[in-house]
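One structure is given here, and the rest of the page talks about it.
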Amino acid sequence: MLHANWSDGRLVVWAESIRRFLLLSDSQANPLAPASETVTEHPFATPPDELRELLEEQIPAVRNLLGEETSLVITLPRDLLGPWPSDPLANLVGGVETGEGSSLGEFTVPGIAVDAAHIASFILAIWRVDRKKRLELGASLDWWRAVSLFVLDLLADQRFIPSMKQDDRAMLHASWRPWLHDEEVCRRLSAVLASMPPLMRAVQDGIGEAAWPRLESALAGMVDGAIRRLLIADDFPEAVEDRDPSDPHVAWLSALLDSGNRINQDGEAGRALFRDVRRWIGRLDDVGADLEYRLWLNLTSPPGGATEPWRLDLGLHSSGDPMQRLTAEDVWTQSPESLGSLGDGSAEPQDILVTELGRAARLYPVLEPLLTEATPAGVDLDTAKAAQFLSEFKPLLEEAGFIISAPAWWGTSDGTLGLRLSVDAEDLDTASEHELSLAGLNTMVAYRWQVAVGDQPISLEELRRLSMQKLPLVQVQGKWVEIDQAQVSRAMTFLERSESGGQEMRLIEALRMASGGEDEETGLAITGLESTGWVSDLLGTSNGSWMDGVTQPERFEGELRPYQLRGLAWLSFLDRLGLGGCLADDMGLGKTVQLIVLLQWERIRAEKAGQKLAPTLLVVPTSVTGNWERELGRFAPELEVYIHHGPGRPVGDEFAEAIKNADVVITTYALVSRDQETLQNVLWHRVVLDEAQYIKNPPTKQTAAIRSLETNRRIALTGTPVENRLTELWSIMEFCNPGYLGEAPEFRRRFARPIERHRDSRQADQLKRLIQPFVLRRLKTDRNVISDLPDCVETREFATLSPEQAKLYEQVVDGMIGRVDRSDGIQRRGLILAMLGKLKQICDHPALAESGDDLAHLVRPDGSDLHSLSSRSGKATRLMTLLEEVLAAGERALVFTQYRRMGKLLTAMIGHDLDTQSLFLHGGTPVAKRQQMIDGFQADACDTPVFVLSLKAGGLGLNLTAANHVFHFDRWWNPAVERQATDRAFRIGQSRTVHVHKFVCLGTLEERIDQMIQEKTALAENIIGSGDDWLTELSTGQLREVLMLRADAMEVEA
Amino acid sequence: MSRTRMELPTPKRKVERTSKFESEVSELEQLPVAGTWLKQLREIFSQEVMTRGLEAAQAGKVRRVDFKAGSISAQVRAEVGDTRRMTIHAELIPDRSWDRVVEAMSGEAIYAACLLERQLPPDLEQLFVSQGVPLIPAETDSLDIQWDGDGHPELWRAAALGWLVAQKLAADPLMILEFRGQLVPALSDRLRQQRTLMTRGGATAHPDPPLAADILTGAALNECADRFWRLGADFDEARRPAVLEHIPHALLRRLGPSTMESGKFPLSGLLATIYDTVADHARSLQEGPSEDPPSES
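Protein chains in written order, with the numbering used here: chain A, 414 to 1467; chain B, 280 to 576.
As structure tokens, then:
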């Protein structure tokens, strides 16, 4: 578990070792001395040589950035046994109970230093590695990432200054400093400061506990270090070599450009230099910030047209009341008494105007002549100067605190040239469908371009005339418009080329253009779009005629909710156009049902047309193959389903023969890669990916194999908001509509980097428009959906056993059933109950079948199995997938289990797989702590969105309405008990639909008992309310029937 | 938050509607500052002019005294006749001279203590003289008399204003500092900074950013055990880039040319190159490697 602290002008990275912690827990180490007495070695910190090796192995890019080995003295929370593990470490090992005598204590931690100049590179390198085995990142690394990005933004935006400081011995040192005063920067700085984890302030190095001195030191060190290193590398020190050292500029620069920062000016010369620098930097200070009135510069366009000058008027503008303004004339002609409402009266309006004008003139020299006037009121500008003022000086003056008013059209579409695109298509009819569905994105559509100012079109001829004026601001049809000559020239070339290239383009090009991008190609921004026919439907600008005629098929064994019917209509609409789509509805809205009804709908349609469709290939995660099989059987029983898995699965011709009559073939992601040759020899009617985020890594063999499948129709299902995960988004869209988002490197350059690294809202909007026709995502909170949803939705989540689970399960049944058969009475009942408990635990996780109750038995001592912990259990794998969707939607969940050890494991898995801390409440949780957990979970700002509870301890009396998902990880078989647990979230105070997920292991006793309860068999009457006792009354034959593992229970890949 | 001093002083302007000279002349002559002021007036004006001026001041003929940096003006009415606006101008003490004065004052804590209490420090005038800048202009031609309207100057009106100023200086001798271009609070601030420089305390040439006091320190560590390892509030905001329009060399342009008179090396030019070099490098770091490394499957 990696942490990082700032100390002594550098970053020190250090780590807690999971292995050492577990060993220590096992050995029940001797209590430490009371907190105040000594500084103690941290008992489970990773030794620096081990840490270096780990970092270099996991993140090769940091190899040259790691400095010397060092150590820190840090104050940490502790009890009598030693320092507490960090929260994420405690989570990874399933939670840790803190002991008696909680306090703070000082510990020495060994670490590795990273030079201030390299911190940003080091931190970003860590975060650029996707998944780091054997290395977990503490929250401090999140914080350092935010700090590093902040520093890079400051440097990239040139928000730093040269400065100097005097040390305790009156010696002067030059330094590069971040300039943090401007409002927007200061807001971000405040957030960085407020989000600093307390750990950052706990280093005992003389800086103290306060937050700002430490952040200030870190920012200053990083900025100075990064700039100085760069300047030295670029030979900047040569610029002042052999210059007069008594020149104060040279003295200062010499210490700014080189590695030594000492300024060689002492005594009076040094003090004079310091005063000069301070005075110069003081010019940055917004001295008017505290005044109630600011200097106001108001530019107005010439009323009589281009032949008249523009007018820049001076005045005063209230800082607090935007309506309160004084013209210069008011200021000069009215007496100070009549302007008495200005501020607190400490500064006269005339003084403010003159003083601030002096400051503004320094930034905008055009104002300088006004300073020679007795009562300055304003200045006339020609058109070129007015354009320069608007584009260049307005932002500069605004940044310095002045209030600038520009003409209303400036910066709006009314004041800029743009291109409008019209795309025309017919309404969709059966006749055109076939042709369209074959061409897909390559369908040709009619289009035309038009240059426009706002909504007003202008001719190409007029554009030519405007470009010949060579002015940055021109009048078009009486409106002033900003013109960039280079853009206009490119636009004219583009339009001439478009006209000569005919009036049709491919759909893919039209959609890209319609998203508003491609400025580089079109010259001018695309500011409007008109479309007709099915293109309008696709772009979502029509009245939704694509919904017409889509109804729920009669054969569907269920009832679609209205939004699900809309989902079917959308999927079928894309299908008719030959386009792929991604159904990304929120979890619980029924993506599975919508896909099943589509499969049914298209087959009924084909039947009516006398056609026979090839099968649809459904690629799913291993853990949900059984789930799909059951749901298909339940809602569309007429569909022939073929499951392609297992060691004896057919390949080649044998496979083709096996699927001859199938409507749906279900297989897993892993098998698509292994049986690529077999699967790609079939021309599939459609390929569907469930949990499509599985193909998020484009370079993998598995993703390539999936893309190689032959089909014209593709659908991806995912519950995660793909628009926020750009690698996933590209990968999924590349599957749905190959080539639409361009090649991966181009996509990274155009969208992923600007959006993820710089939060470029323009690019984000453009990408959203680009994918909008192909992604349907409804949230449970959408107005149209919420009215369709019942208050509580219950779903069974079917999971398969992992091979390890299946083997253990069979061993237990085989080993014990004979013993049961040979025993009777109490002994028999005891054996059955023991067996039952063991099997239920195996269905949860194979680790529960292992003996021992301590952490070391649940998590292997080297911590390495944390990465495979969830994959050892089918249920756990499924839970992690579902929880990921819950977290991505910003929702909260309760997870109930009967077993305390399972709760620990779940906490560990959630910590590792989802990088999320969870709460765990069980019978041993003290009452005070219990309430603290509940309060924390219910609070608005909650950083533990998953609450694991043991059914006995958490099933009654708690109010946990902040959750709208309830997971029953294992079953009690008594609906009343489960309902009571569900009611922790589904109760008064709950304002959302509660989704209850009941986990069932396929082919095991869990499924059989679940079926009995569902079918309300006579046996079920005995089950309900009697716990597991009823099983002890069964004959050995009946018992074998209930417990025996069915073949489809196990996930088999080999 | 500390602030650096403004480039242009913005002294308060004090306007009083009516004033009457009511002091004992002999007492005023004994006082520091006010006494020196009168002494200088007697150097400028004849005894006759001073006497007539005194009579006018005592009769309340001086109205609307306006006190500013570098000038004092008022409307002075004749016994019979018109009212004229009279102004006494004095040169402002140059900034570099103030630096010397501040450095000299910082040697003795009494100056700072008195200024903070708005009391006259002992020997203030001598201190100014020792630095070559008399607090009250010593040369006759360093005080300039102006009046509105045409015709004879009628110096008695200026003398009347001078008497009233002497009375005001007796009440608040530190007004003379403002007359010479330095507000008392600003002088105290400069004195504080200079004292830090002179002593062995650290000091910086740049101000601290204006952060809210409540986030500067953070809660005591022993109150943070339950969130010791966790991120604090506002983390999402911390990751959000500031929405700033990029203006090339914005800070350099706001700084303007260096104010160091003896600096000959082209500082701004080199800094401009440095700013561009650093920004380019930071952008390339933000972009990261040209190709993202392939993710592990």
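For glycine and all other residues, C-beta sits at the position ideal for the given N, C-alpha and C.
Using C-beta distances below 8 Å, list every residue in its chain close to R321 of chain B, excluding the 5 sequence neighbours before and after it, in chain order.
M329
Enumerate in chain order the residues of its own chain whose CB-to-CB distance from L984 of chain A is below 6 Å, with the five nearest sequence positions on each side excluded.
L1011
Between which two residues does the alpha helix (DSSP H) holding T1005 of chain A run?
1004-1021
Tell me the DSSP secondary structure of P1388 of chain A in three-state form.
helix
Kindly list, in the order they appear in chain A, the residues whose Cβ is closer than 9 Å to that of G386 of chain B.
By Cβ distance, chain A contributes nothing, its closest Cβ being about 13 Å from G386 of chain B, past 9 Å.
Go ahead and label G460 of chain B buried or exposed: buried means 16 or more other beta carbons lie within 10 angstroms of its beta carbon, across all protein chains shown.
buried
When you check each C-beta in the segment 647-663 of chain A against every C-beta of chain B, which residues fall closer than 9 Å?
D647, F649, A652, V653, R656, D657, S659, D660, P661, H662, V663
Using a 10 Å radius around the Cβ and a threshold of 16 neighbouring Cβ atoms, would you call V653 of chain A buried or exposed?
buried
Establish whether the CB of Y390 of chain B and some CB of chain A are separated by less than 8 Å.
no
What are the residues that DSSP puts in a beta bridge with V527 of chain A?
A:L424
Selection of the segment 554-566 of chain B by Cβ proximity to chain A, strictly under 7 Å
Y554, T556, V557, A558, H560, A561, R562, L564, Q565, E566
Going along chain B, which residues have a C-beta under 7 Å from T488 of chain A?
L500
Given L920 of chain A, which residues of its chain have a CB within under 6 Å of its CB, disregarding the five upstream and five downstream residues?
L854, T856, V858
Between P1339 of chain A and chain B, is there a C-beta pair that is closer than 8 Å?
no
Return no unless some Cβ of chain A is closer than 8 Å to the Cβ of R519 of chain B.
yes
To which residues of the same chain is V1188 of chain A closer than 6 Å at the C-beta, ignoring the five residues directly before and after it?
C995, A997
Would you decide whether H662 of chain A is buried or exposed? Buried here means 16 or more other CB atoms lie within 10 Å of its CB.
buried
Distance check for D1356 of chain A and G1303 of chain A, CA to CA, integer angstroms please.
11 Å
Short check: CB of Q571 of chain A to CB of A558 of chain B, under 8 Å?
yes
Can you tell me whether P1158 of chain A is helix, strand or coil according to DSSP?
helix
So what's E909 of chain A in DSSP terms, helix, strand or just coil?
helix
Got a sec: which bits of the segment 669-691 of chain A sit with their beta carbon under 7 Å from any beta carbon on chain B, in order along the chain?
R684, F687, R688, D689, V690, R691
Under 8 Å: do the segment 1315-1333 of chain A and the segment 1385-1403 of chain A share three or more Cβ pairs, one atom per stretch?
no
Between the CA atoms of R509 of chain B and A552 of chain A - distance to the nearest angstrom:
6 Å
Hey, K1109 of chain A and T1140 of chain A: beta-carbon distance below 8 Å or not?
yes
Given that P610 of chain A touches chain B, what residues does it touch there, using C-beta distances under 7 Å?
W508, R509, L510, G511
Which chain A residues sit within Cβ distance under 7 Å of P486 of chain B?
D698
What does the alpha-carbon distance come out to for the pair R775 of chain A and Q1176 of chain A?
36 Å
Could you name the residues of the same chain whose beta carbon sits closer than 8 Å to that of S409 of chain B, not counting the 5 residues immediately before and after it, in chain order?
A383
Can you give the Cα-Cα distance for F1350 of chain A and K1193 of chain A, rounded to whole angstroms?
21 Å
Residue from A:P611, A:I645, A:S561, A:T488 with nearest C-alpha to Q617 of chain A:
A:T488
Going by beta-carbon coordinates alone, are A813 of chain A and L712 of chain A separated by less than 8 Å?
no
Thinking D1086 of chain A and A1118 of chain A are a contact (beta carbons under 8 Å), I'd like their distance in whole angstroms, please.
As written in the sequence, residue 1086 of chain A is Ser, which differs from the Asp given in the question. About 4 Å; that satisfies the 8 Å criterion.
Which residue marks the beginning of the alpha helix (DSSP H) containing F687 of chain A, and which one marks its end?
680-694
For V1032 of chain A, the three-state DSSP class (helix, strand or coil)
strand
Near M1346 of chain A, what residues of its chain come up, given a Cβ to Cβ distance below 7 Å and the 5 sequence neighbours on each side ignored?
L1332, L1334
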